[in-house]
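Add 8 to a position in the sequence shown, counting from 1, and you land on the number used in this note's numbering.
Backbone N, C-alpha and C fix where the C-beta goes; we use that ideal spot for every residue, glycine too.
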Amino acid sequence: MSFIRIERDQYHVVKGLLSGAESAFTPFPLSILEETIDGIVYVDNQDHPQCAAVMSSDFIGGRLIGHAVNKAFNEGFISTMKDHFFVNGSANDFRLFWSTVSESWDEIIFRVFGYRVFCISRTQFEFDRHVFESLGLIGNDEGMFRMDAAMLQSYEPLRREIEGLWGSIEKYLQHDVGWVAFSSDGQGIGLCHAAFIGGGLAELSIHVNKSARSQGFGFQLARNFIGDCLNRGVIPNWTCDTQNVPSFQMAQKLGFKENKKYNLFSSIYTPILHEPSRT
Numbered sequence: 009m010s011f012i013r014i015e016r017d018q019y020h021v022v023k024g025l026l027s028g029a030e031s032a033f034t035p036f037p038l039s040i041l042e043e044t045i046d047g048i049v050y051v052d053n054q055d056h057p058q059c060a061a062v063m064s065s066d067f068i069g070g071r072l073i074g075h076a077v078n079k080a081f082n083e084g085f086i087s088t089m090k091d092h093f094f095v096n097g098s099a100n101d102f103r104l105f106w107s108t109v110s111e112s113w114d115e116i117i118f119r120v121f122g123y124r125v126f127c128i129s130r131t132q133f134e135f136d137r138h139v140f141e142s143l144g145l146i147g148n149d150e151g152m153f154r155m156d157a158a159m160l161q162s163y164e165p166l167r168r169e170i171e172g173l174w175g176s177i178e179k180y181l182q183h184d185v186g187w188v189a190f191s192s193d194g195q196g197i198g199l200c201h202a203a204f205i206g207g208g209l210a211e212l213s214i215h216v217n218k219s220a221r222s223q224g225f226g227f228q229l230a231r232n233f234i235g236d237c238l239n240r241g242v243i244p245n246w247t248c249d250t251q252n253v254p255s256f257q258m259a260q261k262l263g264f265k266e267n268k269k270y271n272l273f274s275s276i277y278t279p280i281l282h283e284p285s286r287t
């Protein structure tokens, strides 16, 4: 048992680990395990893994699954991450978002990055379709449109992140996974999109410009997005920082119920649109 990189035809052995307590923020690792986006997977045992590291190809995003009890796996992970970020990369301005459920991984993460990262408590919600449908028909959505390639030009940081994770805008838009709000003068003022899609779940991410907040745009964008998900047989997934009260309130209005906690390790250089946001 050690730190073993597995091939794509072996990814299925890891999916079974994402159950029970580990079933938090699963669209990201499942999007890699189901090959919706490219990634890298390491396990402690390629036939019967007890823990795994599922990460994007650039190592920026990742998920540690299971418990940090295998010393060889832990040391392999630490060595690999240090080589990537501090030997081959830049130690000063790296980006990172890695999630864990078991606190046993905390020490391992900090052994790699030390003071350069911080840990955020996140909450996973469970969707109640009946509550959402009780909201009735979707109201006025004037100025809101389904996302397309041209609209993404209004959000260049998001476009770059999508291209980095998905390979191309065209591949991303095959899933029809976003709405954009425009002001009366044609400026993009908000969007709701799927940050990741995996396991039949779409990770919902909302961003509304500061000048347009508290006007209901975020709620309406989310309603449109969720309606599209349900029409396609996809379940919307909501996660947010545990201390984000406005996000909790919006989630509950839309039919999401607080379910479980997990941790997110991030660097100060990680752009807001790389990790699903609730602004």
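Measuring only the C-alpha atoms, how far is residue i from residue j?
{"i": "N217", "j": "D17", "result": "42 Å"}
{"i": "G186", "j": "D236", "result": "9 Å"}
{"i": "Q251", "j": "Q132", "result": "13 Å"}
{"i": "D156", "j": "W174", "result": "15 Å"}
{"i": "T287", "j": "C200", "result": "Since pLDDT at T287 reaches only 42, below the 50 mark, its modelled position is unreliable, and no value is offered."}
{"i": "A80", "j": "Y19", "result": "20 Å"}
{"i": "T44", "j": "G206", "result": "7 Å"}
{"i": "V22", "j": "S219", "result": "44 Å"}
{"i": "F140", "j": "R119", "result": "43 Å"}
{"i": "G224", "j": "K269", "result": "27 Å"}
{"i": "V125", "j": "F264", "result": "29 Å"}
Where does the unbroken beta strand (DSSP E) through residue i begin, and where does it stop?
{"i": "S65", "result": "S65 -> no beta strand (DSSP E), and no H or E assigned at all."}
{"i": "A203", "result": "G196 to G206"}
{"i": "I40", "result": "Segment P35 to L41 is the alpha helix (DSSP H) holding I40; no beta strand (DSSP E) there."}
{"i": "G47", "result": "G47 to V51"}
From the DSSP secondary-structure annotation, give me the bridge partner or partners of residue i.
{"i": "E15", "result": "None; E15 has no bridge partner."}
{"i": "V95", "result": "Beta-bridge pairing links V95 to no other residue."}
{"i": "R71", "result": "V62 and S107"}
{"i": "W187", "result": "R154 and C200"}
{"i": "S274", "result": "F105 and F126"}
Mind checking which residues open and close the alpha helix (DSSP H) that includes residue i?
{"i": "A80", "result": "K79 to K90"}
{"i": "I214", "result": "First-last for I214: L209 to V216, but that is the beta strand (DSSP E), not the alpha helix (DSSP H)."}
{"i": "H20", "result": "H20 to K23"}
Below 8 Å on the Cβ atoms is my contact criterion, and I expect residue i with residue j to pass it. Report the Cβ-Cβ distance as a whole number of Å.
{"i": "F94", "j": "Y50", "result": "Not really, about 18 Å apart at Cβ, beyond 8 Å."}
{"i": "P37", "j": "L26", "result": "6 Å"}
{"i": "D149", "j": "N232", "result": "6 Å"}
{"i": "H75", "j": "S129", "result": "The pair is not a contact, with the Cβ atoms about 19 Å apart (cut-off 8 Å)."}
{"i": "R13", "j": "I48", "result": "7 Å"}
{"i": "A189", "j": "L229", "result": "6 Å"}
Can you confirm whether residue i, when its beta carbon is compared against all beta carbons of chain D, has any partner nearer than 8 Å?
{"i": "C59", "result": "The chain inventory of the structure shown lacks chain D, comprising one protein chain alone."}
- What runs of the alpha helix (DSSP H), each 4 residues or longer, lie entirely inside the segment 218 to 270? Scanning the segment 218 to 270 for uninterrupted alpha helix (DSSP H) segments of 4 residues or longer gives 225 to 239 and 253 to 261, listed from N- to C-terminal end.
- Completely contained alpha helix (DSSP H) runs for the segment 117 to 178, where each covers 4 or more residues: Annotation note: the segment 117 to 178 contains the following uninterrupted alpha helix (DSSP H) runs of length 4 or greater, listed N- to C-terminal: 137 to 141, 157 to 160 and 164 to 174.
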